[in-house]
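In terms of full-length UniProt numbering, the sequence shown opens at residue 1 and continues consecutively. Virtual Cβ for every residue (Gly too), placed ideally from N, Cα, C.
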Amino acid sequence: ETSLKVTGVDFLKSQNTQKHHTDGYNIKNLVVRRGQPFQVQVSLNRELRAADKLSLRFGIGEKPMKNRGSLLSLKPEQDNFNGWKISVVKKDGKECLLSVTTSPNAPVGKYNLHVKTATNIYKPENGVIYLLFNPWCEDDVVYMANEAQKKEYVLNDTGYIYVGSAYNIYDRPWNFGQFEEFMLDACMYLLDKSKLSLTERRDPANVSRAMSALVNANDDNGVLMGSWSGNYVGGTSPMDWIGSVTILQKYYKTKKPVRYGQCWVFAGVLNTVMRCLGVPSRCVSTFNSAHDTEGNLTVDIYLNEKGEKMNISFDSVWNFHVWNDVWMKRTDLPDGFNGWQAIDSTPQEQSQGRFQCGPCPVKAVREGDVYLPYDSKFVYAEVNADRIYWLVKKVDGKEKYFKIDTETQDIGKNISTKAVGQNKREDITREYKYPEGSKEERMAMQRAYSFIRPSGLMPRSGYASTIQTLGGNTQPLVLNEPVTKTGLHLEITNTEPLHPGNPLELAITVKISTPGNWTVALTGSCQLQYYTGKVQANLGTTKETFSLEGPSEMQIPLKIAPDAYMKTLSSVEDEVLILVTAIAEVEETKDKLTQETSMRFEYPPITVQMPETAKLYNDFPCAFIFKNKLNVTLENCKLLVEGLGIFKMTTFEQGDIMPGRIMKSEIICTPTRLGEKKIVAKLISNQIKGISTEKAITIT
Numbered sequence: 001e002t003s004l005k006v007t008g009v010d011f012l013k014s015q016n017t018q019k020h021h022t023d024g025y026n027i028k029n030l031v032v033r034r035g036q037p038f039q040v041q042v043s044l045n046r047e048l049r050a051a052d053k054l055s056l057r058f059g060i061g062e063k064p065m066k067n068r069g070s071l072l073s074l075k076p077e078q079d080n081f082n083g084w085k086i087s088v089v090k091k092d093g094k095e096c097l098l099s100v101t102t103s104p105n106a107p108v109g110k111y112n113l114h115v116k117t118a119t120n121i122y123k124p125e126n127g128v129i130y131l132l133f134n135p136w137c138e139d140d141v142v143y144m145a146n147e148a149q150k151k152e153y154v155l156n157d158t159g160y161i162y163v164g165s166a167y168n169i170y171d172r173p174w175n176f177g178q179f180e181e182f183m184l185d186a187c188m189y190l191l192d193k194s195k196l197s198l199t200e201r202r203d204p205a206n207v208s209r210a211m212s213a214l215v216n217a218n219d220d221n222g223v224l225m226g227s228w229s230g231n232y233v234g235g236t237s238p239m240d241w242i243g244s245v246t247i248l249q250k251y252y253k254t255k256k257p258v259r260y261g262q263c264w265v266f267a268g269v270l271n272t273v274m275r276c277l278g279v280p281s282r283c284v285s286t287f288n289s290a291h292d293t294e295g296n297l298t299v300d301i302y303l304n305e306k307g308e309k310m311n312i313s314f315d316s317v318w319n320f321h322v323w324n325d326v327w328m329k330r331t332d333l334p335d336g337f338n339g340w341q342a343i344d345s346t347p348q349e350q351s352q353g354r355f356q357c358g359p360c361p362v363k364a365v366r367e368g369d370v371y372l373p374y375d376s377k378f379v380y381a382e383v384n385a386d387r388i389y390w391l392v393k394k395v396d397g398k399e400k401y402f403k404i405d406t407e408t409q410d411i412g413k414n415i416s417t418k419a420v421g422q423n424k425r426e427d428i429t430r431e432y433k434y435p436e437g438s439k440e441e442r443m444a445m446q447r448a449y450s451f452i453r454p455s456g457l458m459p460r461s462g463y464a465s466t467i468q469t470l471g472g473n474t475q476p477l478v479l480n481e482p483v484t485k486t487g488l489h490l491e492i493t494n495t496e497p498l499h500p501g502n503p504l505e506l507a508i509t510v511k512i513s514t515p516g517n518w519t520v521a522l523t524g525s526c527q528l529q530y531y532t533g534k535v536q537a538n539l540g541t542t543k544e545t546f547s548l549e550g551p552s553e554m555q556i557p558l559k560i561a562p563d564a565y566m567k568t569l570s571s572v573e574d575e576v577l578i579l580v581t582a583i584a585e586v587e588e589t590k591d592k593l594t595q596e597t598s599m600r601f602e603y604p605p606i607t608v609q610m611p612e613t614a615k616l617y618n619d620f621p622c623a624f625i626f627k628n629k630l631n632v633t634l635e636n637c638k639l640l641v642e643g644l645g646i647f648k649m650t651t652f653e654q655g656d657i658m659p660g661r662i663m664k665s666e667i668i669c670t671p672t673r674l675g676e677k678k679i680v681a682k683l684i685s686n687q688i689k690g691i692s693t694e695k696a697i698t699i700t
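Printed below as a string of structure tokens:
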């Protein structure tokens, strides 16, 4: 009798990957999601009989062993093994169609499949199967019921990251590209590098925490090296990336950290990694995000007598900060904390000895349950700290500090992510915090304070409150109401568009609502600052004292000549924002108020010309046109373009573009994938860093 031998294995890739929503991955191997059946066709040298022994062996890791759970040997129709099972779908002569169902909490990773018959072991070509998390499976902890959300948070390979300032938010198109070549292998390499045990690989909480550590290079030679120095020689400036693909491909090839990233780059790459592994994920931008080193929920801002912000504080308020939310059930926590979890790969503070952050339940931040793992105190402070302004004066040759204002409702504004299925911003602030000043917000705040226990601190919100101190005696803490005796109010605006090369025409409006004759002393300053709050240059100040007959308002102009800022603008490699700070004091009542606003320069657009639709593998032309409408020459212009499934990342060196000149670049595109695809373009020069655009095309 001839012994049973396998002559071939067909992984039925196209039908399996369609059912598993993995047909996008650009890889030879079979990619499937856990907890959901897939089929394999086994060809034999003769018909399968009842007495024959046939088993599928799945091995994971270096040396798979049964007693370690890293080798699973499955026989058809046998009781499930570790939640895995296989069955015979049909026998047809020498062909045998098998269905394999993996456990919905199987460790994610690469499995080697061998087929064993009697004493023979058959090792198929491309026999490595990639097993991912499964948001389509109800028994998987990453299960997401809403189809449109899965399409956005798992399958969308493009999106936006929101940056700028609370005063003007804008979108930066970003290519996540989780299905591109080597992306999945790069993620598998990171999983192996994480040294997570097989058991830990079952849980997306462990996996997402490990990935938040590995996307930065700080303690483990991870993907990206952070730099906020303003000089990026020997690497790529953080402003020059338009997606994650180039970064992860380069990292996978060299196994060395890629230079350089800042927060939106870290978040863009971490989003790619989590979506690639099958965990629903979104980029989240918080405006006026507190980076608080003292753990006391206050950020101190120091102003000199001209009203200019000084770089002397350890804690800072970033104009924006970007992290990620990942979706999962938290089996390690009490009930009520499932859903979105914040993770952050920007290296800011160590957590358990490594630069990692999260997953922290977004609901824990909202409810003030800041004792829950991981890093919930840190995330709470980022969106809930108070900003305290101090005036630094020289008195008898010594610097003295005077507290002038406490701003309780300014941190953690306009928390934003891309809307599901639409190219627009969705505000998710309500998921992170209750409305400022509401009863729920006060309760959450008191709850948070009972765990953080800062020394001598005022509670957030303008209400009196009682807080247990360590000594046990209860003392009421009353915060000064932000409302002043005169109803003093400040507003900062620009009266002309903020085009580089033009004068910056700004205005500070002082309003008083209480009747009477009031004398107001106003100090105003204009500076250039990085998004991290670090001041780069002082541009000009104004000091005026005037009288106002309440209720009325007065507009004080502040004008900055181009010469005052153009040199700084051209010398730094980051995008800088215009920071205007105003301090007003009413002499009769000693009312003081501080207001600051960050604004962004405005740029001419790039236009993309191409057809609305194209056919698969049929070439089409795409043109990028830019007219320099500014009064300055843009030096060393570079145009970066990328279209996932259409063409690889390409850079055009454009040289200098004089005022009024038009630049046109053309590329011939060959679409290799169906559906709606996006082309992203970005123009950088010495003077300008942030012009980007995108355009969609449907491939049929």
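1. Suppose you measure from the CA of Glu367 to the CA of Asp344; what does that come to, to the nearest Å?
2. Over the uninterrupted alpha helix (DSSP H) stretch that includes Val207, give me the two end residues.
3. Tell me whether Arg661 is buried or exposed, calling it buried when 16 or more other Cβ atoms sit within 10 Å of its Cβ.
4. My guess is that Glu152 and Gly421 are in contact by the Cβ rule of under 8 Å, so how many angstroms apart are they, rounded?
5. Go through the segment 220-298 residue by residue and report every complete run of the beta strand (DSSP E) that reaches 3 residues or more, in order.
6. Using the Cα positions of Asp240 and Cys526, report the straight-line distance between them to the nearest angstrom.
7. Give me, in chain order, the residues of the same chain whose beta-carbon lies closer than 7 Å to that of Thr2; leave out the 5 immediate sequence neighbours on both sides.
8. Going by Cα to Cα distance, which pick from Lys534, Thr117, Leu593 and Trp174 is closest to Leu48?
9. Is the distance from the Cβ of Leu558 to the Cβ of Ala623 below 8 Å?
10. Among all the DSSP beta bridges, which residues are the ones paired with His114?
11. Beta-carbon within less than 7 Å of Tyr160's beta-carbon, same chain only, minus the 5 sequence neighbours each way: which residues are those?
12. Check the C-beta distance from Ile242 over to Ser685 and give it rounded, since I have them as a contact under 8 Å.
13. Assuming contact is defined by CB atoms lying nearer than 8 Å, are Asn231 and Ser281 in contact in what I supplied?
14. From Ser43 to Pro124, what does the alpha carbon distance come to, in whole angstroms?
15. Just to confirm, is the Cβ distance from Ile169 to Asp300 under 8 Å?
16. Residue range of the alpha helix (DSSP H) that Val365 falls in?
17. Evaluate contact between the segment 298-317 and the segment 261-275, counting only Cβ atoms and requiring at least three cross-stretch pairs below 8 Å.
18. Taking Arg259 and Gly222 to be in contact with their CB atoms under 8 Å, please state how far apart those CB atoms are, rounded to whole angstroms.
19. Whose C-alpha, out of Gln409, Leu674, Val576 and Lys393, is nearest the C-alpha of Asn319?
20. Look at the alpha carbon of Asp656 and the alpha carbon of Glu496, and state the distance between them as a whole number of angstroms.
21. How many angstroms separate the CA atom of Asn271 from the CA atom of Thr700?
22. Can you find the residues in the same chain that come closer than 7 Å, C-beta to C-beta, to Arg460, ignoring five residues on each side of it along the sequence?
23. Which value, in whole angstroms, describes the spacing of the CA atoms of Met225 and His321?
24. Taking 8 Å as the threshold (C-beta atoms), are Ala582 and Leu522 in contact?
25. Taking the alpha-carbon of Thr597 as reference, which of Gln555, Asn288 and Lys695 has the nearest alpha-carbon?
26. Does the beta-carbon of Leu372 have 16 or more other beta-carbons within 10 angstroms, so that it is buried, or is it exposed?
27. Applying the 10 Å Cβ sphere with the 16-neighbour rule, what's the burial state of Gln609?
28. Looking at the secondary structure, which residues open and close the alpha helix (DSSP H) in which Gln18 lies?
29. For Thr568, report the span of its beta strand (DSSP E) as first-last.
30. Determine the burial state of Ala561: buried for a count of at least 16 other Cβ atoms within 10 Å of its Cβ, exposed for fewer.
31. Can you give the beta carbon distance from Thr541 to Gly261, rounded, assuming they're within the 8 Å contact cut?
32. Between which two residues does the beta strand (DSSP E) containing Ile388 stretch?
33. Between the beta-carbon of Leu71 and the beta-carbon of Gly59, is there less than 8 Å?
34. Under three-state DSSP, which class holds Ala584?
Quick answer:
1. 20 Å
2. Secondary structure note for Val207: its alpha helix (DSSP H) is the uninterrupted segment Pro204 to Leu214.
3. exposed
4. 6 Å
5. 224-226, 258-261 and 281-291
6. 27 Å
7. Asn45 and Arg46
8. Thr117
9. No, they are not a contact pair.
10. In the DSSP output, where bridge partners are listed per residue, His114 has Arg57.
11. Only residues of its own chain outside the window of five on either side were considered, and among them Asp171, Arg172, Pro173, Trp174 and Lys418 have a CB closer than 7 Å to the CB of Tyr160, listed in chain order.
12. Contact between Ile242 and Ser685 is absent: CB atoms are separated by about 15 Å, not below the 8 Å threshold.
13. no
14. 11 Å
15. no
16. Element bounds for Val365: Val362 to Glu367.
17. no
18. Contact flag wrong, Cβ pair sits at about 12 Å.
19. Val576
20. 26 Å
21. Roughly 28 Å between the two C-alpha positions.
22. The predicted position of Arg460 is uncertain, since its pLDDT is 34 and thus under 50; a value taken from the coordinates is nonetheless stated next. Cβ neighbours of Arg460 beyond the five flanking positions: Asn384, Asp386, Thr408 and Met445.
23. Computed Cα separation, rounded: 17 Å.
24. Result yes, Cβ atoms of Leu522 and Ala582 sit closer than 8 Å.
25. Asn288
26. Around the beta carbon of Leu372, 16 or more other beta carbons lie within 10 angstroms, which makes this residue buried.
27. exposed
28. Lys13 to Lys19
29. Boundaries for Thr568: no beta strand (DSSP E) harbours it, while the alpha helix (DSSP H) harbouring it runs Pro562 to Ser571, taken from the DSSP string.
30. exposed
31. Actually they are not in contact, since the Cβ atoms of Thr541 and Gly261 sit about 35 Å apart, beyond 8 Å.
32. Run containing Ile388: Asp386 to Val395, per the beta strand (DSSP E) assignment.
33. Their beta carbons are under 8 Å apart, which means Leu71 touches Gly59 by this criterion.
34. strand
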